[in-house]
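Shown next, in structure tokens, is the structure this report addresses.
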């Protein structure tokens with residue numbers, strides 16, 4: 255039997271961080287965007303121990319400023335796509351520039367240079383993954399999904415979905431429904 259799980263990745267990571275930091279008896283403050291302020295100075299051995307403990311969960315400490323900014327860009331986009339109730343009407347480029355305090359040109363160039371993909375492509379991939387999850391959970395109609403993710407129309411969402419996955423949203427839903435039915439048999 256297959257069960258489908260809905261989860262909040264940010265909350266899961268936060269809990270793991272808290273557990274590991276408390277296990278090491280470190281005083282800390284969790285900020286937004288995956289930033290953790292450790293109140294006291296920690297030794298290199300403690301930092302390595304923390305890094306090893308977090309690595310078991312697929313979490314790593316970022317020591318490079320550019321990598322940290324790339325992660326902030328990704329986290330901001332993921333927050334927009336997965337956490338916000340509805341994507342803002344303002345362009346995401348303006349939102350990112352204001353939120354991260356850098357020009358969008360700088361953010362875009364850095365992101366492309368490091369990840370070998372554009373911010374726009376990353377956004378599309380995240381939105382389509384969110385659409386898939388919403389289709390699987392059957393919480394919303396395609397019209398509601400297109401509104402929630404700020405698509406201009408259901409047709410726009412469907413075209414982007416097909417271009418990215420090779421399937422229409424309806425065909426994807428049909429496949430998921432068949433799989434669910436097979437698993438119940």
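In our numbering, the protein residues as written are 255 to 439. Even for Gly, the Cβ is constructed at its ideal location relative to N, Cα and C.
The alpha carbon of residue 265 has as its nearest neighbour, out of 329, 299 and 324, the alpha carbon of 329.
Taken through DSSP and simplified to helix, strand or coil, residue 314 comes out as coil.
Contact annotation: residue 267 and residue 331 have beta-carbon atoms that are not nearer than 8 Å. Closest in C-alpha terms to residue 276, from the list 261, 292 and 262, comes 292.
Counting C-beta atoms within 10 angstroms of its own C-beta, residue 301 has fewer than 16 neighbours from the protein chains shown and is therefore classed as exposed. Residue environment for residue 326: buried (at least 16 other C-beta atoms within 10 angstroms of its C-beta). Rounded to whole angstroms, the separation of the alpha carbons of residue 436 and residue 320 is 46 Å. With respect to the 8 Å criterion, residue 430 and residue 411 are not classified as neighbours on the basis of their beta carbons. Each of 372, 422 and 418 was checked against the Cα of residue 396, and the nearest Cα belongs to 422. For residue 283, the three-state secondary structure derived from DSSP is strand. A Cβ-Cβ contact shorter than 8 Å links residue 260 with residue 391. The secondary-structure analysis by DSSP pairs residue 290 across a beta bridge with 284.
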